[in-house]
Amino acid sequence: MRICVFLSAADLDDRYTGPAREFAELLGKGGHTLVWGGSDVGLMKVVADGVQEAGGRLCGVSVDFLVATARSGADEMVVARDLAERKRLLLEKADAVVIMVGGTGTLDEATEILELKKHGHADMPVVLLNTAGFYDGLEQQFRRMEAEGFLPRPLSELMFFAQEPAGALAHLEAVTSAAAGAGQGVG
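Sequence positions in the sequence shown follow the numbering used here and run 50 to 236.
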């Protein structure tokens with residue numbers, strides 16, 4: 050599976066880097082490919098290192114103005130003209146999305162995939178990995194949006210909330226396995 054991870058490129062403390070590294074190692078050991086923003090700094094580097102060291106593949110999508118921080122040695126690296134093209138390419142190359150801790154760029158990427166799913170233009174699974182309660186407030190806001198009628202689809206169809214790295218990957222593997230099994234029965 051090609052798993053796109055939206056996350057920060059900032060240097061963060063262990064409460065965020067530890068679980069990110071754990072997720073990366075699970076992804077790599079599972080034989081999956083990391084699709085990410087291509088940076089070799091901060092949390093992005095932690096995840097790329099973990100995936101690569103555990104035997105997974107790396108597919109980076111950098112952007113012109115950040116190419117100086119792009120990771121060398123990735124299995125694939127694409128450089129987009131701008132952030133809009135970067136988001137499009139990240140999603141085109143992915144079978145699933147995991148939203149990890151991050152700032153405004155991560156939120157921008159997250160809302161992009163949720164809008165596409167909401168309108169039926171994407172059907173890949175999306176997991177919000179709520180490391181150390183980082184997204185508690187955002188989860189509450191999404192649940193309020195659903196309760197008050199702002200979402201035309203049930204929140205459970207848009208994303209899955211995971212508290213731990215193993216739960217995030219287990220959900221993705223279960224959903225994609227079920228979808229593959231359902232596809233085999235058609236015909």
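All residues carry an ideal CB built from backbone N, CA and C; glycine is no exception.
What are the start and end residues of the beta strand (DSSP E) that includes residue i?
| i | result |
| --- | --- |
| L200 | That residue, L200, is in no beta strand (DSSP E); it is neither H nor E in DSSP. |
| L156 | Here L156 belongs to no beta strand (DSSP E); instead the alpha helix (DSSP H) covers 153 to 167. |
| G186 | Unbroken run through G186 is the alpha helix (DSSP H), 185 to 196; no beta strand (DSSP E). |
Pull up the distance between the alpha-carbon of residue i and that of residue j, whole angstroms please.
| i | j | result |
| --- | --- | --- |
| A229 | M50 | 12 Å |
| W85 | L92 | 11 Å |
| F210 | T155 | 16 Å |
| P214 | E195 | 25 Å |
| E164 | A119 | 28 Å |
| T180 | G186 | 12 Å |
At which residues does the alpha helix (DSSP H) containing residue i begin and terminate?
| i | result |
| --- | --- |
| G99 | 91 to 102 |
| E74 | 63 to 78 |
Let me know if residue i comes out buried or exposed under the rule of 16 or more other beta-carbons within 10 Å of its beta-carbon.
| i | result |
| --- | --- |
| V116 | exposed |
| T160 | exposed |
| E102 | exposed |
| E74 | buried |
| I162 | buried |
Which same chain residues end up closer than 8 Å to residue i when comparing Cβ atoms and leaving out the 5 residues on each side of it in sequence?
| i | result |
| --- | --- |
| K167 | L200, P201, R202, L207 |
Can you check which of these residues, the options, is closest to residue i by C-alpha distance?
| i | options | result |
| --- | --- | --- |
| G122 | F114, G109, A133 | G109 |
| V54 | G151, Q212, Y184 | G151 |
| V224 | K136, P174, L178 | P174 |
| H170 | R192, I148, V176, L140 | L140 |
Would residue i count as contacting chain D if we go by Cβ distances under 7 Å?
| i | result |
| --- | --- |
| I148 | Annotation note: the requested chain D is absent from the structure, which comprises a single protein chain. |
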